[in-house]
Amino acid sequence: MTFHMNQEVPSRRVHTRERAPRRVSIVGATGRMGRLTQAVIAQDHGLTPHQLLGSSSRIEDLDDTDLVVDFTHLAVSRRVVSRCLTQDIPVLVGTSGWTEDDLRELASQQTSTSRPTVCVVPNFSVGVVVLSRLAATAAHFYDAAEIVETHDISKVDAPSGTAIRTAEMISARRQAGVTAVDAPARGFRVGHVPVHSIRLPGGPDAQTVHLASAYESAEIAYRTTSVLAYRSGLRRAIHAVTPGMGFRMGLEEIVDLDAVFSIR
């Protein structure tokens, strides 16, 4: 069959339904983690920035969005989460300082007919999650465990949320070991694990779990040298947090990391 140049060739229109990018609002958008979140969204075709909130923004600006990511201070974070619960908007919380009582209250919001999505992540580094799980497993075989964590002097909360989460994981996996002297200098006790916080100008984000028994000891240490260490875990969490998930605590409860964990 020969076609002339001016002959129209019938075309078949193919209808495709593209999923609209997920609208993500960031509270604390100008901070270190807020800026990283903006970069993650900009590099992902499945995401689009919706509202970038700062200290002068209105909490009501969050109402028309698909997901809220919160990197603020505890007082602000509580307001953000409360608003998201009221509006039934999934919220990913990266703000430190949430207490055990706070988290218990969030978990109590879950009912058989309502499962508002609130996901609290103390640390978005996959490496930290892996080493915290390793520390919890190893601590079972030692008589004592203590944690030393270091951050820049600008970090307002102490201990860090990561150290508290690690101590909780260790306490859940082992009985109380050697009883430490009850003195302020011996650290802040989480469960039966003393946690020591260091704040220095320019201090790195670092954590060391010290384990010991008679005649032997071990250290499990982690250090980040750039905020980019949190990029992969943050991106995974943003995609994983969906409506109806309910309350989740820790990156390991949001993102499927079973392939990473070979030690149980």
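Residue 241 in numbering that gives the first Met the number 0 is what sits at position 242 of the sequence shown, and the numbering runs on without skipping anything.
For each residue, glycine too, the CB sits at the ideal point set by N, CA and C.
Just so you know, these numbers come straight off a predicted model, no measurement behind them.
Counting of Cβ neighbours within 10 angstroms places T165 among the buried residues, the total reaching 16 or more. In the structure shown, the three-state DSSP call for S24 is strand. Taking the CA atoms as reference points, I152 sits about 23 Å from V192. A direct Cα-Cα distance of roughly 16 Å separates T149 from S131.
When secondary structure is reduced to three states using DSSP, Y229 falls in the helix class. Contact between G190 and E167 holds, with the beta-carbon distance rounding to 6 Å and staying under 8 Å. The Cβ atoms of D65 and V23 sit closer than 8 Å to each other. The count of Cβ pairs closer than 8 Å, one atom from the stretch 44-51 and one from the stretch 86-93, stays below three, leaving the stretches out of contact. Q109 sits in coil when the DSSP states are folded into three classes, being neither helix nor strand.
If you draw a 10 Å sphere on the C-beta of T71, you find 16 or more other C-beta atoms in it, and that means buried. Between P242 and V194, the gap from beta carbon to beta carbon reaches 8 Å or more.
When the beta-carbon positions are compared, L233 and L35 come within less than 8 Å of each other. In the same chain as E251, and ignoring 5 residues on each side of it, the C-beta atoms closer than 6 Å to its own belong to V128, in chain order. With a threshold of 16 other beta carbon atoms within 10 Å, S124 meets it and is buried. Counting every other CB atom within 10 Å of its CB across the protein chains shown gives Y214 a total below 16, marking it as exposed.
Residues A134, I146 and I219 of the same chain have their beta carbon placed closer than 6 Å to that of V208, with the five preceding and five following residues left out of the count. Taking C-beta atoms as the reference points, T116 and V240 count as a pair closer than 8 Å. Counting only the Cα atoms, G126 lies some 34 Å from D62. Collapsing the DSSP output to three states places H72 in coil. Under DSSP, M248 forms a beta bridge with V119.
Secondary-structure assignment with DSSP links F187 through a beta bridge to V194. Taking 8 Å as the cut-off, the Cβ atoms of R77 and I58 do not count as close.
The residue from V254, A19, S55 and I163 with its alpha-carbon nearest to that of A28 is S55.
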